[in-house]
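Report on the structure given below.
In this note's numbering, the protein residues as written are 9 to 961.
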């Protein structure tokens with residue numbers, strides 16, 4: 009009789025009866041039936057573990073075997089080796105405590121092995137997060153297992169060695185294991201970390217499966233056995249070096265820091281003080297020289313300092329660093345400033361690993377900093393509570409000579425607060441030590457209903473500045489013994505006890521609880537009154553009414569009402585709805601058209617839509633409506649004109665008597681519309697919806713024949729819709745160029761003063777293109793390192809950062825005046841007129857800026873990949889209006905010698921402007937108004953600017 013296809017070794021841990029059953033049942037439930045489970049029982053497992061395993065073997069005696077480990081096999085590695093020795097399957101797979109196979113795991117592994125002939129087949133695995141039964145895959149698995157494939161070893165898939173990818177979720181051909189004598193190291197407590205790389209290096213050919221194989225891996229607890237973890241990491245490094253893969257060792261060191269040590273530091277506030285001390289003491293013994301120093305120095309400042317402090321065994325320092333990691337931007341230690349201006353963690357003046365200058369705290373003042381206020385003592389005595397703490401102060405700033413402070417308790421999700429004065433403030437070199445003893449029972453008088461949780465913070469004032477800080481605390485600082493009496497305004501039935509606790513964000517809070525009989529009885533009565541059958545019916549009725557109310561504001565319902573009823577309303581003559589970039593700003597060509605309409609006094613009723621906030625939109629001369637509000641839909645349904653540069657909602661049909669002016673938002677380098685691969689892959693109804701939305705356009709502005717060949721063709725626009733006027737937004741740029749030629753660049757526009765820009769620095773505008781997709785966008789780190797730019801050019805340039813209107817940029821803290829975020833500024837044309845040089849990548853902003861005839865630098869490190877992925881209409885390197893920098897160093901070199909570098913591109917930039925802005929002549933706004941709003945021009949004649957190219961002189 010032939011053996012099974014798979015032998016799955018299941019390790020039984022004492023006290024893990026439920027986990028054992030889950031693991032074995034996942035083996036028995038495999039769709040590939042020729043699978044056996046080898047349950048290895050430790051000698052000290054106890055009768056309960058054997059009692060749990062026996063029914064599993066009795067139910068499937070031909071598929072479940074129970075193996076008794078030797079009494080001397082006291083480590084998990086020995087138990088695993090016992091299972092390996094007893095395996096009979098073609099492949100052998102090992103499951104850790106509580107790990108479960110996915111239903112098709114063995115079939116997926118078998119198919120991949122049969123297809124590729126690989127001796128080792130690996131797939132994805134997930135682990136518990138510590139939040140109930142939730143699981144997640146490590147983020148580094150996505151690129152490693154993005155597609156199923158066969159690789160020749162670590163050279164083709166370095167992630168297998170860089171990360172601990174082979175700790176589970178893989179199978180090994182039994183014959184290959186025996187041939188290479190592969191076994192788990194019984195002298196190593198974390199032997200699974202070493203076994204996988206050893207096996208992968210020995211067999212050579214590996215198959216990777218993009219499916220998940222194993223779930224239920226335990227939550228990482230690296231602090232429990234830090235010695236074994238570090239030793240396993242060292243041995244993997246020795247293995248890689250012995251096989252001539254020293255380059256992977258540095259990558260593995262970096263991954264070890266990110267995946268193991270930094271997460272370990274982040275857990276410190278959750279651990280008891282004794283456990284923190286134990287981990288720090290262990291780390292001081294085993295961590296030195298475990299990773300290369302140059303790799304450690306590549307970490308961000310806070311992470312780097314945290315690992316160094318852990319290596320030193322400084323438990324208190326690691327705890328402070330953990331707070332800095334968990335609450336980004338918080339000053340968690342009394343930083344010192346060296347003579348050269350570098351900023352260091354305390355005690356690290358000569359250690360580059362403790363150089364935290366990059367955090368930028370030195371550029372902020374006392375009132376601007378988020379300071380860590382660490383609660384060190386919390387004791388109760390009847391109704392009085394003793395609170396002590398330490399407010400960290402960096403060396404470069406602090407309050408005035410006689411500061412005052414008070415504690416503020418604010419109700420969660422509310423505005424009510426109570427104040428308690430701080431009795432004692434004592435300042436030293438590290439910060440402010442404070443102490444107060446207060447009768448919080450009398451001071452905190454909640455109502456007792458819907459105000460049962462209160463957050464604590466401290467406010468320090470010196471007459472000029474005010475600093476607010478949460479009270480950070482270790483999670484073991486307070487407990488049930490620290491309760492004290494509460495006096496709610498509704499009486500003792502509403503609650504009787506304040507329970508201090510530490511939130512998930514590590515700060516102190518108070519919770520109103522019921523511990524005495526009146527409050528407990530009232531709580532039970534309230535629970536009964538709100539849960540017996542009539543009350544449940546009332547709740548269901550209220551829930552139904554809320555759903556119906558919410559339906560009135562749902563977009564689907566609004567669209568239905570818009571088409572069924574609002575479109576029947578008569579068009580209001582002279583009504584114009586303006587929108588720019590889907591309501592995100594008051595700018596671009598719609599703004600230019602609106603201002604032209606106002607300047608000429610046309611009798612039009614203007615409406616502007618805004619997305620989130622009306623701030624910055626015209627307060628006079630126009631009515632403001634929020635996008636997707638009922639007023640917005642009413643205005644669109646009754647408007648005689650629609651004017652926007654992006655597209656009104658696709659789901660809304662244009663009224664029959666409305667004229668739609670689409671000004672558009674830029675010439676195209678990347679493929680657009682139906683030329684995009686993403687659009688071509690849409691289904692037929694989606695493509696039809698896009699085409700119908702485009703067919704609403706009555707006028708479409710173009711600024712060159714390039715727009716006609718690209719945008720007009722890509723959106724299938726008929727010739728009659730095209731207005732060859734140029735973009736109204738560019739009128740200001742051409743006026744600025746004429747002013748420069750006549751008067752020079754100084755004085756700068758008033759915007760420079762509002763942004764605080766000095767005249768002696770040149771202005772660099774960095775405006776990258778949008779790199780995301782549909783949906784809500786997260787803040788992204790820029791490709792350009794703004795902090796490095798400020799350090800290199802802070803005395804010469806000011807960097808203005810303009811994120812795309814669909815995205816947001818994450819900027820580091822830099823010296824004042826060196827880097828300014830102008831992403832929220834409404835009109836980008838004003839920024840273009842202000843800038844001395846533009847740095848962009850593939851954004852259409854380069855076509856506009858070329859009209860100013862000022863230097864342009866294209867920072868495009870991923871040019872080839874971007875062009876291949878998105879597609880392009882021309883070779884950017886061939887037609888670029890300025891130097892193309894592939895790296896940050898190249899960009900900085902161009903900026904350092906900007907005048908010389910730009911000399912060779914002046915003629916090309918002029919040709920670029922002529923080719924892509926042929927119809928931009930400085931009168932586009934007037935021409936558009938003359939053409940579109942001709943019926944409202946009193947005595948004015950139509951200039952005919954909107955004629956076709958053949959009719960233009």
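Built from N, CA and C at the ideal position, the CB exists for glycine as well.
None of these values were measured; they are calculated from a predicted model.
In the three-state reduction of the DSSP assignment, residue 670 falls in the strand class, which pools E and B. The beta-carbon distance between residue 107 and residue 31, rounded to whole angstroms, is 6 Å. This is short enough to meet the 8 Å contact definition. Per DSSP, residue 478 is one residue of the beta strand (DSSP E) stretching across 474–480.
The beta carbon of residue 451 is closer than 7 Å to those of 426 and 428 in its chain, skipping five residues each way along the sequence.
Look at residue 381 here: in three-state DSSP terms it is strand.
With respect to the 8 Å criterion, residue 936 and residue 733 are classified as neighbours on the basis of their beta carbons. Contact between residue 646 and residue 583 holds: CB atoms are separated by about 6 Å, below the 8 Å threshold.
For residue 521, the pairing in a beta bridge is given by DSSP as 505.
When rounded, the separation of the alpha-carbon atoms in residue 862 and residue 846 is 8 Å. Inter-segment contact for the segment 196–208 and the segment 175–188 is present: three or more beta-carbon pairs are separated by less than 8 Å. Residue 496 and residue 284 have their alpha carbons spaced roughly 38 Å apart. Under the 10 Å beta carbon count, residue 662 is surrounded by 16 or more other beta carbons and is classified as buried. The Cβ atoms of residue 585 and residue 650 lie closer than 8 Å to each other.
A contact between stretches requires three or more CB pairs, one per stretch, nearer than 8 Å, and the segment 123–138 meets this requirement with the segment 219–231. The bridge partners DSSP lists for residue 527 come to none. Residue 691 is classed as exposed because its beta carbon has fewer than 16 other beta carbons within 10 Å across all chains shown. Looking at the backbone, the Cα of residue 487 and that of residue 548 are separated by about 38 Å. Straight-line spacing of the CA atoms in residue 301 and residue 226 works out to 31 Å.
Scanning 53, 838 and 161 for the CA closest to the CA of residue 129 turns up 161. With a beta-carbon spacing of about 7 Å, residue 478 and residue 381 fall inside the 8 Å limit used to define contacts. About 7 Å separates the Cβ atoms of residue 840 and residue 860, confirming a contact at the 8 Å cut-off.
Residue range 412–419 is occupied by the beta strand (DSSP E) that includes residue 413.
Of the candidates 29, 42 and 644, 42 places its Cα closest to the Cα of residue 15. Residue 395 is bridged by DSSP to 386 and 444.
Here residue 405 really is in contact with residue 374; their C-beta atoms are around 5 Å apart, less than 8 Å. When beta bridges are read from the DSSP output, residue 549 appears opposite no residue. For residue 268, the closest alpha carbon among the candidates 791, 279, 232 and 280 is that of 232. Residue 887: member of the alpha helix (DSSP H) spanning 884–887, first to last residue.
Assignment of residue 536 by DSSP, reduced to helix, strand and coil, places it in the helix class. Contact check between the segment 666–685 and the segment 711–721: three or more CB pairs, one atom from each, fall below 8 Å, which counts as touching. Taking 8 Å as the cut-off, the Cβ atoms of residue 216 and residue 153 count as close. Beyond the five residues adjoining it in sequence on each side, residue 906 comes within less than 7 Å, by CB distance, of 845 and 863 in the same chain, given in chain order.
Counting C-beta pairs closer than 8 Å gives fewer than three between the segment 415–424 and the segment 346–364, which falls short of the contact rule. Pairwise C-beta distances place the segment 592–601 in contact with the segment 615–630, as three or more of them are shorter than 8 Å.
If the five residues before and after residue 878 are omitted, its C-beta is found closer than 6 Å to the C-beta atoms of 678, all from its own chain and listed in chain order. The C-alpha of residue 776 lies about 7 Å from the C-alpha of residue 850.
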